[in-house]
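According to our numbering, the stretch in the sequence shown is residues 15 to 391, in order.
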Amino acid sequence: LAIQKELGVRSRSPRWAIAWKFEATQETTRLLGIDVQVGRTGALTPVARLEPVKVSGVLVSNATLHNEDEIRRKDVRIGDTVLIQRAGDVIPEVVKVIESKRTGEETEFQMPSDCPVCGSAVERPEDEAVTRCINVNCPAQIKARVRHFAAKGAFDIDGMGTKLVNQLVDRNLVTSCADIFYLDVPTLEALDRVGPKSARNLVEAVENRKMISLGRFLYALGIRHVGENVARLLADRFHELDSVMSASREEIEAVEGIGSEIAESVCHFFEEEENRQTVRRILESGVAVFHEVRQEEKVPSSSPVAGKAFVLTGKLEEMTRDEARAAIEAAGGRVTGSVSSRTDYLVAGADAGSKLKKAEKLGITVLDEKALKTMLS
């Protein structure tokens, strides 16, 4: 249980468990073509266009091909007969090619050298499998960022659907997420299929979302690798937007559950002047970002235990290890299962072993049970 707690959870699943599902239903169909979609981070994703076929009761005509390497690995060609399934009974994917049904007329797919939406150059970093459009002002990226910004887990703006977002971006009325807060009724009324009432309702919906928690705000910004769970971890650690924006890579990486790749991504995002300008314009529109205090955070700020990382080892005399853990967590601290450079205190009872040696080697403060009780009181 201690290891499970240390590993933690993502927004939708625990890191320490995996679901064992029934084998997916598979069907064969013909691959008619491969289109390339551009996402909010500029990632170019090849999508298979299929002859429609029913899979587990759902008519499937599109399936993800993930990236160029995946296409090469499976040797997928346009015109192939392919086996498809719904991964996790949800997302359609191409499992493999039925090579015995090839006629010789199939054609190999080539990833475009330019963005299929804006025509800008694309690049693929050596350590990544994904090709990306390098133009941050690519209309496809802007549309995807705006949809993400207005989505349920972010600002949750009612009425900001795909068709409306497409119109706003195509007409250059929205070029960044901040522009949403400067839309007015006359501007919206001029759009296709938007009447006076719909325009007023949307402006009102935007106005009603100008109070937002820090976690939701960080998630809404669409920072690469920052999902709802990571955004919440950052909010719980830093409490204020300015603190997140000015935090160093080391400070972010020190947050339990956040690694070097995420820390690099967050810092890189806020180092970009264009992103900082977008945040400023959002705040200038009247958006207020607050820290949502969760139940486990409601501890005295003066507590010397609050925010500190503890490791327990050895046998305690007056309390069990579970009782010690509960007392530390109630005071705002956290207990992990192993000693690392992020550990603040090692609580050592009788017969403490390798954890004590490692703590002494790292220069971590070692407490006995009496010292721990003094801190807790």
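C-beta atoms are modelled at their ideal positions from N, C-alpha and C, and glycine is treated no differently.
On a predicted model such as this, the values are computed, not experimentally measured, just so you know.
Classification of residue i by the beta-carbon crowding that lies within 10 angstroms, buried from 16 upward
i: methionine 225; result: exposed
i: glutamine 291; result: exposed
i: arginine 246; result: buried
i: aspartate 250; result: buried
i: alanine 344; result: exposed
i: alanine 362; result: buried
i: alanine 373; result: buried
i: phenylalanine 36; result: exposed
i: leucine 178; result: buried
i: glutamine 99; result: buried
i: glycine 22; result: exposed
i: lysine 375; result: exposed
i: glycine 347; result: buried
i: threonine 379; result: exposed
Cβ-Cβ distance between residue i and residue j below 8 Å
i: leucine 45; j: aspartate 89; result: no
i: threonine 42; j: valine 96; result: yes
i: alanine 234; j: phenylalanine 169; result: yes
i: serine 279; j: valine 303; result: no
i: glutamate 122; j: threonine 78; result: no
i: valine 160; j: isoleucine 112; result: no
i: leucine 326; j: valine 349; result: yes
i: threonine 39; j: valine 69; result: yes
i: tyrosine 359; j: lysine 387; result: no
i: phenylalanine 231; j: leucine 255; result: yes
i: valine 131; j: valine 220; result: no
i: glycine 10; j: cysteine 147; result: Residue numbering for the chain in the displayed model covers 15 to 391; residue 10 lies beyond these limits and cannot be assessed.
i: arginine 54; j: glutamine 181; result: no
i: valine 217; j: leucine 248; result: no
i: leucine 228; j: histidine 305; result: yes
i: leucine 171; j: arginine 223; result: For clarity, residue 171 is isoleucine in the given sequence; the question names leucine instead. Yes, they are a contact pair.
i: valine 319; j: leucine 390; result: yes
As assigned by DSSP and simplified to three states, the class of residue i
i: isoleucine 9; result: In this structure the chain extends from 15 to 391, so residue 9 is not present and cannot be described.
i: valine 111; result: strand
i: proline 126; result: coil
i: serine 352; result: coil
i: cysteine 152; result: coil
i: valine 136; result: strand
i: isoleucine 105; result: strand
i: aspartate 358; result: coil
i: proline 66; result: strand
i: glutamate 288; result: helix
i: isoleucine 92; result: strand
i: alanine 192; result: helix
i: proline 200; result: helix
i: proline 318; result: coil
i: leucine 21; result: helix
i: leucine 248; result: helix
i: valine 50; result: strand
i: isoleucine 237; result: coil
i: arginine 339; result: helix
i: glutamate 41; result: strand
8 Å CB neighbourhood of residue i in its chain, flanking five on each side removed
i: proline 210; result: Val199, Glu203
i: proline 126; result: Val50, Leu58, Val136
Any non-hydrogen atom of the ligand MN within 7 Å of residue i CB
i: leucine 178; result: Among the ligands in the structure shown, none appear at all, so the ligand MN cannot be discussed.
Same chain only: Cβ atoms within 6 Å of residue i, ignoring 5 sequence neighbours per side
i: valine 208; result: Leu202
i: glutamate 267; result: Ser274, Ala277
i: glutamate 20; result: Thr350, Gly351
i: alanine 366; result: Thr327, Gly328
i: isoleucine 17; result: Gly351
Cβ neighbours of residue i in the same chain (closer than 7 Å, five flanking residues each side left out)
i: asparagine 76; result: Val61, Ala62, Arg63, Leu64, Pro106
i: isoleucine 92; result: Leu45, Gly47, Ile48, Glu120, Thr121, Phe123
i: isoleucine 10; result: Nothing can be reported for residue 10, as the shown portion of the chain is limited to 15 through 391.
i: glycine 102; result: Lys35
i: cysteine 129; result: Val52, Val136, Cys147, Asn149, Cys152
i: valine 109; result: Gln40, Leu97, Ile98, Gln99
### Query
Three or more C-beta pairs closer than 8 Å, one from the segment 49-65 and one from the segment 77-86: is that the case here?
Yes: at least three Cβ pairs fall under 8 Å.
### Query
Do three or more CB pairs link the segment 338-345 to the segment 253-263 at distances below 8 Å?
The segment 338-345 makes no contact with the segment 253-263, as fewer than three CB pairs between them are under 8 Å.
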